[in-house]
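Notes follow once the structure below has been shown.
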Amino acid sequence: MSVAEKFVLPKELSDVLETAEGIFIAEKRDELLKMALGGDKDFFEIVYDVPGFGKVVEATVAKCKNGAAVNYTDAYMRRRDPDCMVIADGRETDKPRYSDVYGKDFGELREKTFEWLKTQKLLLLPFMAGGMELGYPALLVAPQNAAFFAAGLADLQGFIPKSKIPEGFNPRAIIYLAPPFRHTHFNGKQIVVHNRLDQMHELFSYNLYPGPSAKKGIYGVLLNIGENEGWVTVHGSTVKVITPYDNEIVIMHEGASGGGKSEMIEYIHKEMDGRVLLGKNLVTNEKLYLELKETCELKPVTDDMALCHPSLQNGSKRLRVVDAENGWFLRINHITKYGTDPQHESLCIHPKEPLIFLNLQGVPGATCLIWEHTMDEPGKPCPNPRVIMPRAFVPNVVDEPVEVDVRSFGIRTPACTKEKPSYGIIGCFHMLPPALAWLWRLVAPRGHDNPSITDSAGMSSEGVGSYWPFATGKQVVQANLLLKQIIETSNTRFILIPNQHVGAYKVGFMPQWIAREYLARRGSARFKPEQLVESKCSLLGYSLESLKVDGTFLPKGFLQVNCQPEVGNEGYEAGAKMLENFFKEELSKFLTPELDTLGRKIIECCLSGKGLEDYINLIPMKL
Numbered sequence: 036m037s038v039a040e041k042f043v044l045p046k047e048l049s050d051v052l053e054t055a056e057g058i059f060i061a062e063k064r065d066e067l068l069k070m071a072l073g074g075d076k077d078f079f080e081i082v083y084d085v086p087g088f089g090k091v092v093e094a095t096v097a098k099c100k101n102g103a104a105v106n107y108t109d110a111y112m113r114r115r116d117p118d119c120m121v122i123a124d125g126r127e128t129d130k131p132r133y134s135d136v137y138g139k140d141f142g143e144l145r146e147k148t149f150e151w152l153k154t155q156k157l158l159l160l161p162f163m164a165g166g167m168e169l170g171y172p173a174l175l176v177a178p179q180n181a182a183f184f185a186a187g188l189a190d191l192q193g194f195i196p197k198s199k200i201p202e203g204f205n206p207r208a209i210i211y212l213a214p215p216f217r218h219t220h221f222n223g224k225q226i227v228v229h230n231r232l233d234q235m236h237e238l239f240s241y242n243l244y245p246g247p248s249a250k251k252g253i254y255g256v257l258l259n260i261g262e263n264e265g266w267v268t269v270h271g272s273t274v275k276v277i278t279p280y281d282n283e284i285v286i287m288h289e290g291a292s293g294g295g296k297s298e299m300i301e302y303i304h305k306e307m308d309g310r311v312l313l314g315k316n317l318v319t320n321e322k323l324y325l326e327l328k329e330t331c332e333l334k335p336v337t338d339d340m341a342l343c344h345p346s347l348q349n350g351s352k353r354l355r356v357v358d359a360e361n362g363w364f365l366r367i368n369h370i371t372k373y374g375t376d377p378q379h380e381s382l383c384i385h386p387k388e389p390l391i392f393l394n395l396q397g398v399p400g401a402t403c404l405i406w407e408h409t410m411d412e413p414g415k416p417c418p419n420p421r422v423i424m425p426r427a428f429v430p431n432v433v434d435e436p437v438e439v440d441v442r443s444f445g446i447r448t449p450a451c452t453k454e455k456p457s458y459g460i461i462g463c464f465h466m467l468p469p470a471l472a473w474l475w476r477l478v479a480p481r482g483h484d485n486p487s488i489t490d491s492a493g494m495s496s497e498g499v500g501s502y503w504p505f506a507t508g509k510q511v512v513q514a515n516l517l518l519k520q521i522i523e524t525s526n527t528r529f530i531l532i533p534n535q536h537v538g539a540y541k542v543g544f545m546p547q548w549i550a551r552e553y554l555a556r557r558g559s560a561r562f563k564p565e566q567l568v569e570s571k572c573s574l575l576g577y578s579l580e581s582l583k584v585d586g587t588f589l590p591k592g593f594l595q596v597n598c599q600p601e602v603g604n605e606g607y608e609a610g611a612k613m614l615e616n617f618f619k620e621e622l623s624k625f626l627t628p629e630l631d632t633l634g635r636k637i638i639e640c641c642l643s644g645k646g647l648e649d650y651i652n653l654i655p656m657k658l
């Protein structure tokens, strides 16, 4: 029996494999990396002969000392297009349907895609979407010259070596990679077509950037399975935090792209003299510093996708999660010079095995340095440089399921002053009642200056759970699932954390690092009533009256932004109105007959401008 005969495949794919110029299935990771370089060349161009366009160079791959540096010739391809998903099937969905967008059935293009694949040397990559233990069989079908894409997917999801493919391997999902079609059928745009069949989830990836397909496409598969089975894969990073006194706490940080998920599992960034820069006042140029003699130890669990499979839950009333990925798609735009993040610099410069880098200025034969970002244009670096980091390369990583003590939600915020008010009124962190935590996950603001996607102007909603761009079904179904999850895990607490700005201060991701240090030191201790004050904007739950880390108190203006003289009550109230209007606009769409009764009450509470106590009365809050 040949290896290909071990698969149980749909007829269309079987026909493709019978006709294709060649089929390759990897046994080892380094085989994929060599193929990514066109046979271990120093420099390789990924070229396609596109009808009407001639030879098109989609990307280049440079062989560096520490890995393969991939760069796209089109700057647009260096970030995920948030509107790249279309649905081909007739099942329930709130997403754009292929037939509505393009005025025809997908069947014709589907057949053309199979015909094109028949003319290619193909690479097959079998893997388990969601992990080897609880995952689902899946398969990538790609042209061999795009092997870097397969290698990236192998690092993100793992892969099954050629000799280990079980007989009867029946994929629940198949990714078909066909880059030229973005030119011939989609005017150069990134498009991923989801086709949900009875026993199969097809993804047709008409682009070479792995974000919408190898990364978020597989996320969409897991969300679709969870929607059918009644569970959720959460869009969040998770870390076990151990204090200098050996206390432990598990924090899961959720949020839209750019909301600080990867940063939550990074060690706190320090200045060269060891101090921590809390923030810089953009009006006065004042810098505020914090002394931290000892920081907490971090043991990462998840970076972006946390599997909340029903089999993991144990009745503890805390959410139990495990990583849904085998590797992490790390954005490193904040690393702009040597010494910014010694942990990741060391992992990337001296990896255990060669890595795959995206949007970095890699030179053949040299070390790819993660602060040398590819230029979108002269003087303008790409905002989305990435490295794909296998979990096995990360020290102290946790493989077993963990119970989540605190669920935080991140939002990118602009600066806020009296003169230029904005929604940047969120303090260092806020305690949220569960009902409000649910609302924040429904609206999931993308927020200010998002580096991960092509459209990042102003505040827009990433949608339910912050994973809506990757989901294929109905928003209200996902809203109900998240509410059910929150109710069933009442011992998990919720907080809200801004990044980039707190009022008039530029802060980067410092608030979530400070919150992490503070909450870990508190451990399971409950907050006393005098330690919390109702936020002037009820959507922000409780503000802290004071916060002391390692003997140092944070300025009150970092906790209650209206106390900053540059903001005041005037600037704060204007920003609060922006948030309130945004919430009301986004939440109204969930008021459908399918919405859970309790969920309806929570949303109506917000729409009618009720106060904090009203949210707590709907779902009790654990302090």
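The numbering of the sequence shown is the working numbering, which starts it at 36 and goes up by one.
Yeah, the Cβ is synthetic: ideal placement off N, Cα and C, and Gly gets one too.
Quiz prompt | Candidates PRO377, GLY138, GLY187 and ASP124, of which the one nearest MET307 by Cα | solution = PRO377
Exercise. Look up SER491 in the DSSP assignment and say whether it is helix, strand or coil.
Key: Model confidence at SER491 stands at a pLDDT of 48, short of 50, so the residue's coordinates are unreliable and nothing is read from them.
Practice problem: Could you check the C-alpha separation between SER491 and PRO480 for me, to the nearest Å? | Solution: With a pLDDT of 48 at SER491, under the threshold of 50, the predicted position of this residue should be treated as unreliable, though the coordinate-derived value follows. Roughly 11 Å between the two C-alpha positions.
Quiz prompt | 7 Å CB neighbourhood of LEU653 in its chain, flanking five on each side removed | solution = ALA470, LEU633, LYS636, ILE637 and CYS640
Exercise. Assuming ARG217 and TYR241 form a contact by the criterion Cβ under 8 Å, report the distance between their Cβ atoms to the nearest whole angstrom.
Key: 5 Å
Quiz item: Between GLU620 and chain D, is there a C-beta pair that is closer than 7 Å?
Solution: Of the chains in the structure shown, none is chain D; there is only one protein chain.
Quiz item: What is the rounded straight-line gap between the Cα of PHE42 and the Cα of GLY203?
Solution: 5 Å
Quiz item: Just how far apart, CA to CA, sit GLY265 and LEU516?
Solution: 7 Å
Quiz item: Does the stretch 55 to 65 come close enough to the stretch 153 to 165 that 3 or more CB-CB pairs lie under 8 Å?
Solution: yes
Quiz item: Ends of the beta strand (DSSP E) at ALA94?
Solution: 89 to 99
Self-check item: VAL155 - containing beta strand (DSSP E), residue span
Solution: This sequence places Gln at residue 155; Val is not what is there. Per DSSP, GLN155 belongs to no beta strand (DSSP E) and is neither H nor E.
Practice problem: Rounded to whole angstroms, what's the CA-CA distance from ILE651 to GLY295? Just pull it up for me. | Solution: 27 Å
Exercise. Could you pull out every residue in the same chain whose Cβ sits closer than 8 Å to the Cβ of VAL136, ignoring the five residues on either side in sequence?
Key: VAL121
Quiz prompt | Through-space distance from GLU262 to LEU232, alpha-carbon basis | solution = 15 Å
Self-check item: Chain-order list of residues whose beta-carbon lies under 7 Å from that of CYS572 (same chain, five-residue window excluded)
Solution: ILE460, ALA611 and LEU614
Quiz item: What are the partner residues of THR273, as DSSP defines its beta bridges?
Solution: MET287 and THR337
Exercise. Look up SER240 in the DSSP assignment and give the residues it is bridged to.
Key: LEU212 and VAL227
Practice problem: Kindly indicate which residue of ASP339, ILE367, SER346 and PHE141 has the alpha-carbon position closest to the one of ASN361. | Solution: ASP339
Practice problem: Ignore the nearest five residues each way along the sequence and tell me which others in HIS304's own chain have a CB closer than 7 Å to its CB. | Solution: THR375 and ASP376
Quiz item: Between VAL274 and ASN101, what straight-line distance do the alpha-carbon atoms span, to the nearest angstrom?
Solution: 27 Å
Exercise. Take GLU565 as the anchor and find which of TYR577, GLY644 and ARG557 has the nearest alpha-carbon.
Key: TYR577
Quiz item: From ASP190 to ASN394, what does the alpha carbon distance come to, in whole angstroms?
Solution: 17 Å
Exercise. State buried or exposed for GLU601, treating a residue as buried only when at least 16 other CB atoms are found within 10 Å of its CB.
Key: buried
Quiz item: When the Cα of ASP77 is compared with those of ALA103, GLN510, ILE200 and TYR502, which residue comes out closest?
Solution: ALA103
Quiz item: Roughly how many angstroms separate the alpha carbons of ILE286 and PHE529, rounded to a whole number?
Solution: 10 Å
Quiz item: What does ASN652 pair with, by DSSP beta-bridge criteria?
Solution: BP columns for ASN652 are empty, so no partner.
Quiz item: Does DSSP classify GLN378 as helix, strand or coil?
Solution: helix
Exercise. Alpha carbon to alpha carbon, how far is TRP406 from THR371? Give it in angstroms, no decimals.
Key: 5 Å
Self-check item: Sequence-distant residues of the same chain with beta carbon closer than 7 Å to ALA186, five excluded per side
Solution: LEU67, LEU68, ALA71 and ILE391
Practice problem: Classify ILE60 as helix, strand or coil using the three-state DSSP reduction. | Solution: strand
Quiz item: By a C-beta neighbour count over all protein chains shown, 10 Å radius and 16 as the cutoff for buried, is LEU626 buried or exposed?
Solution: exposed
Quiz item: Buried or exposed: which applies to PRO86, given that a residue is buried once 16 or more other Cβ atoms fall within 10 Å of its Cβ?
Solution: exposed
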